[in-house]
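Protein sequences, first through last, are from chains Y and R.
Under the working numbering, the first residue of the first sequence is numbered 4, with each subsequent residue one higher.
Under the working numbering, the first residue of the second sequence is numbered 4, with each subsequent residue one higher.
From the three backbone atoms N, C-alpha and C, an ideal C-beta is built for every residue, glycine too.
Data first, discussion second: the structure below is written as structure tokens.
2 protein chains.
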Amino acid sequence: MNRNATLLGLALALGFSLRAQENLELGKMWTFENPPLEYWKEAHGFQASQEWLDKVRLSSLRMASGCSASFVSPKGLVMTNHHCVRDMVSQVSPRGKDWVKDGFVAKNMEDEVQLPGCVLQQLVAMKDVTAQINEGIKEGDSDADVSSKRDANQKKVVADAMAKDPAHFHQVTKLFQGAQFQLYSYKRWEDVRLVVAPNLQTSHFGGDPDNFVYPRYCIDFSFVRCYENGKPADSKSNYFKWCTTGIKDGDLVFVTGNPGQTNRLKTLAQLEVMRDVQYPIRLQELDNQIAIYHKFMAQDPQVEQQLRTQVLGLENSQKAFRGYLGGLQDPSLFAAKKKAEEAFQKKVMADPALKAKFGQVWAKLADIAAQQRIWAPRGKFYNPGNSAILTRAATIVRAVTAKEEKDRKQAKQMATRPLPARSEMGKELLTDTLVRARQALGAEDEFLGALLGKETPAKALDGILASKLYDDETVKKLIAGDEQGLKDLNDRVLNAALVMLPVAERAQVEIAKLTAEENAQSALLGQALFACYGTKVSPDATFTLRIQDGVVKGYPYNGTLAPWRTTFYGLYARATEFDGRHPFDLAKPWVERKDRIDLTKSLNFVSTNDIIGGNSGSPIVTKDAEVIGLIFDGNMEMLPNNFLYRSDVPRSVSVHGDAMIEALTKVYDAQWIADELIGTRG
Amino acid sequence: MNRNATLLGLALALGFSLRAQENLELGKMWTFENPPLEYWKEAHGFQASQEWLDKVRLSSLRMASGCSASFVSPKGLVMTNHHCVRDMVSQVSPRGKDWVKDGFVAKNMEDEVQLPGCVLQQLVAMKDVTAQINEGIKEGDSDADVSSKRDANQKKVVADAMAKDPAHFHQVTKLFQGAQFQLYSYKRWEDVRLVVAPNLQTSHFGGDPDNFVYPRYCIDFSFVRCYENGKPADSKSNYFKWCTTGIKDGDLVFVTGNPGQTNRLKTLAQLEVMRDVQYPIRLQELDNQIAIYHKFMAQDPQVEQQLRTQVLGLENSQKAFRGYLGGLQDPSLFAAKKKAEEAFQKKVMADPALKAKFGQVWAKLADIAAQQRIWAPRGKFYNPGNSAILTRAATIVRAVTAKEEKDRKQAKQMATRPLPARSEMGKELLTDTLVRARQALGAEDEFLGALLGKETPAKALDGILASKLYDDETVKKLIAGDEQGLKDLNDRVLNAALVMLPVAERAQVEIAKLTAEENAQSALLGQALFACYGTKVSPDATFTLRIQDGVVKGYPYNGTLAPWRTTFYGLYARATEFDGRHPFDLAKPWVERKDRIDLTKSLNFVSTNDIIGGNSGSPIVTKDAEVIGLIFDGNMEMLPNNFLYRSDVPRSVSVHGDAMIEALTKVYDAQWIADELIGTRG
């Protein structure tokens, strides 16, 4: 037994809590400005140098579209998920081709295809700006004052940074709910080109049933390339080399990426509103919309192709929200949260200074949560964006009645934008929204009363669709006239908009007020956390770059064990065992070229890294900073980690590097890309 | 739409409840004397002829060791599970060979090896003897009288049958808890020889983790052969032909076999005692014993080989009891049982005649259950069988003090039987038993007080192991003497036995009394069931032949779907994905001959047939009575079916016929057996 182990044992025996092991329920989404070096040393025997950290950070990328990515060659080659570029690939597919379904492989660099809207960002600098953001805030300021001062300061900090360093993109990131603010500066690439994308059915094998599930068999990868001045970007000083020595069960691995949002610092009262109000409303919306889309996609192949990627995204959200809501409804999760919250409160209350400053935070957040129970459904449904005709009606009213000239002008321009054609699907979607709105808001709601009268949504729909506002000429006359002109038209939809707009605006004001109050109290909660536990804890996800340590590890599932990895044997097993029926069918080249494939090669693997949506496309690397895989999902058991980090069964799911090489070389005739990846070694 | 469908629709529309769909929570373990012909017609469109039923019955077999089997060739070839003959194969393995681990394949008929103790039974006749069994029972008889009259009648019925037809083996089977009695007559084969057994690791791939789990990859089969007068039995008029046309998802399949025990007619009060007392005690015993065995097996390969199959059996029970207890602890199961029980009670109470006859049954069974809470732990732990030295002590006391001369004589013979050597493992097992006994019986228990005094079991153990009763000469002297001689020895263990024996005998009397009362009330409950629902319901399992209809069908699992079958791809996937680590290692011939195997062939498959322990080795056949597979397990979700039949996720798991042919022809060089199976077609 070495000395460290002895000390560790002694510390534990004496009941000392190791700093690094405290508050792990807050997770392991570490920031690069505050890496948990001691914890890594204790937990993994791993010592990260600043050079290692810098290299890893600069090799990692954020996609403006909500994903993560990384440089994997010296020539600007970027690895991310297929599902992160799917929409863009769909948009650049030439007429008559379907690069999403059939895949795309550039023959060489010249053959690479620009992806409009694909923007990549590299975090080049971090600076603590907490003091600047809090400048001018005085004791006794109201929550609203605090919020608006911070907003103003934040704009100034960004503007100053832009003035000083216009080559980079600057953003203030609020960490720990506003207890800390960081100015992050990014290098950006906007000329990004598609290099290779596999077949949809290869990246998405098993479809919605297998989504958020492990064991899994998805080769969900794509490669794009950053260009600068028309030439491949020079990334030779910051890219991940390709690991060709493999990994094994138990190995330490790091993920770098941009987890989108977690809610681990939220109080019980806040989580209860999510559980009782917000998530059920959202899940019901997803369930109903997906059912309607599927109905119309089944009727028309053109609708199917048009909605396909959107529906995949909605189904992904549906399963995610089911998992989140399931977590919130799990008594054991709430019990654990309660225990942590009570311990935290006890620490605060035990110290008079802390009690004076933070003692009221939980009660105030509970008051705010009680108000949100009322206003959250209104915020959701007082939104004419759910309907094109309602949006037009609201815009007309604003064009005529807004106080500010510029608001009227802007609304006038918007009011005459062409409306989408009235369709059966549109009708069903609108009816569904109105039915759910009535359920959520109740029969007495003023806005719905104006729109529906005493009719059911289905009955009222005919009246809505018969609105004179579908006629562009009528609209032009209306926006040239006055409020009396609007009333004189006596159109059901326009009349509803006249009632709705002030109601919606009142709701907006209330919600904004609650949000400001919540922000201010949440920031206090973050400060209380620092005061009690120190600053070396993991902040909630903010869609900014994090480094997430974990180990490769199977787990108990289905009454037995899930292995740490799957193989190509497993892919062909699952396809065969479902008799090749969709979504367990194999893309054509995978059927035709089956005999070339080494079935023993690793396909997907799992690890304990703490990830969430936004981490899609993240590299997963060894302690030597070599890329061994590509994060593309978490298992279902991980979804409740949104609220509390656990590592007993939650797992990240990655595409193994070997699977990508196997696909490139054996199936997609893309040896040149494999060479660029593997040739980068040494 | 044909006329039948119209009628069916009409019946449903009018609210007629179809007889066949009532009481399916009691399951689908139909008897051959009472097959649900109407239900099969309605549910599956299948019409079974008497000829079909007879052929299926006579092709099916029961193994005296607790399994099921079937004839699969005209020459007496019998199919069953590997785990059904494992113990016997272990016993006939020649010195230096390990036929369990390495498998056994007869080169031809002459090479087949007799399996002592392997007895097969064929159900040749069924006769309702309810009237004979109830003969002489009068209104007002006590429960004890009813029980003893039935016992006496039963002996007489069997003796009469034996006298009339000595060639067959006759047994009275109590159905519906004693509401019905059947005299079953069996043809028996006692000369049974081993034909082929695969490697243990092939039949038991995935070991304890994968036990009761699906997806699954076990080729758990063996073939034996019945001999008559030294020649292969002639089974040409009753064997299952081998299905070579395959099955698919949704196909109707029948299982015939001998399910051991279910508890579906038990009342809530009875189930609560199982949940709170009996099952927890049994599960704790299994958990502790298995842990102790594993400890000593890991230390000594000889102990490992000696205990291997016993421990596999214990682990099987452990997982089963976990599933049973989990089911009883599942509020939804209890809620469903409660609903069914309340509906049943309501029917009884609504009819004055039924109320008079059966109205008290539930209350009486609840009283009995309350008594069992006290006596069940005593029945379990007042059993010197748990310890060789305690058993010897009790036998010595009986040898000297029993009232009957013949009891004293028998005890004298037993008292001097050699004791097993005192071992560390024996010590740990005894200590564990005593610890659990103290937990279950409490500190005040008379028997434990005598044995342990005020010491803990671990402390008392030294005293127990120092007993003079280990000395055979001392024992001889004692049994030749009188009671005073026993007292004079002043040996701790013997003194404890002197206290224990009367206590244990009192417990036995109480338990026997409760059992008689429970039997009598349970029979009334069965009669009430007939009175309310008719006799065409499925009786609880009784380890007698049943026919169990179901369909081949995948199910929701792990957040996604489980396919209806697995393939050899899946076997090699699971082995590779665990890096070949035990219990996911492949037997040597399966590694060496991998390239010969058609990986797309079906390996295991699932269906909704209603099975339970005892069904192991059952054939699973198509509606043409062709064998398509071999039942070897149920999934974990099926275990609570012990108490209530459900078919949403519970599934039977079978070895597919193709997997057996693949194993015989490609791996085990046993083409001649495959020829005998498949050659039987046409």
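Helix, strand or coil at residue i according to DSSP, with G and I counted as helix
i	result
aspartate 154 (chain Y)	helix
cysteine 535 (chain R)	helix
isoleucine 623 (chain Y)	strand
tryptophan 567 (chain Y)	coil
leucine 667 (chain Y)	helix
serine 71 (chain R)	strand
lysine 406 (chain Y)	coil
glutamine 264 (chain Y)	coil
glycine 330 (chain R)	helix
leucine 255 (chain R)	strand
asparagine 607 (chain R)	strand
serine 655 (chain R)	strand
threonine 419 (chain R)	coil
lysine 141 (chain R)	coil
glycine 632 (chain R)	strand
glutamine 117 (chain R)	strand
methionine 112 (chain Y)	helix
glutamine 287 (chain Y)	helix
Cβ of residue i within 8 Å of any chain R Cβ
i	result
glycine 573 (chain Y)	yes
alanine 662 (chain Y)	no
arginine 568 (chain Y)	yes
proline 643 (chain Y)	no
aspartate 213 (chain Y)	yes
alanine 576 (chain Y)	yes
threonine 603 (chain Y)	yes
glycine 537 (chain Y)	no
Cβ shell of residue i (< 7 Å), same chain only, five flanking positions each side left out
i	result
serine 62 (chain Y)	Ser73, Phe74, Asn241, Tyr242 and Phe243
arginine 325 (chain Y)	Leu286
Beta-carbon proximity list for residue i, same chain, < 6 Å, skipping 5 on both sides
i	result
valine 314 (chain Y)	Tyr296
leucine 455 (chain Y)	Ala463
proline 592 (chain Y)	Val670
aspartate 254 (chain Y)	Val555
isoleucine 371 (chain Y)	Leu517, Glu520 and Glu521
glutamate 486 (chain Y)	Val403 and Thr404
glutamate 431 (chain Y)	Ile295
7 Å Cβ cut-off: residues of chain R touching residue i
i	result
glutamate 580 (chain Y)	Pro566, Arg568, Thr569, Thr570 and Gly573
valine 216 (chain Y)	Asn561, Gly562 and Thr563
Chain-ordered chain B contacts of residue i [CB-CB under 7 Å]
i	result
methionine 639 (chain R)	No chain B is part of this structure, whose protein chains are labelled Y and R.
Proximal residues of chain R, C-beta to C-beta of residue i below 9 Å
i	result
threonine 205 (chain Y)	None at all; the shortest Cβ gap to chain R is about 17 Å.
Cβ neighbours of residue i in the same chain (closer than 8 Å, five flanking residues each side left out)
i	result
asparagine 266 (chain Y)	Gln273, Leu274, Met277, Asp543, Asn645 and Phe646
leucine 422 (chain R)	Ala391, Ile392, Arg395 and Tyr473
Neighbour flag for residue i against chain Y, beta carbons, 8 Å
i	result
glycine 209 (chain R)	yes
heavy atom of the ligand FAD below 7 Å from residue i C-beta
i	result
serine 470 (chain R)	Absent from the structure shown: the ligand FAD. Ligands present: none.
Could you name each continuous alpha helix (DSSP H) segment of 4 residues or more that falls completely within the segment 54-103 of chain R, going from the start of the chain to the end? 85-95
May I have a chain-ordered list of the beta strand (DSSP E) segments no shorter than 3 residues that lie completely inside the segment 544-597 of chain R? For the segment 544-597 of chain R, whole beta strand (DSSP E) runs of length 3 or above, ordered along the chain, are 549-554, 558-560, 563-565 and 568-570.
Every unbroken beta strand (DSSP E) within the segment 159-246 of chain R, with a cutoff of 3 residues, ordered by chain: Taking 3 residues as the shortest admissible run, the segment 159-246 of chain R contains the following complete beta strand (DSSP E) segments, listed from N- to C-terminal end: 172-178, 183-192, 194-200 and 225-231.
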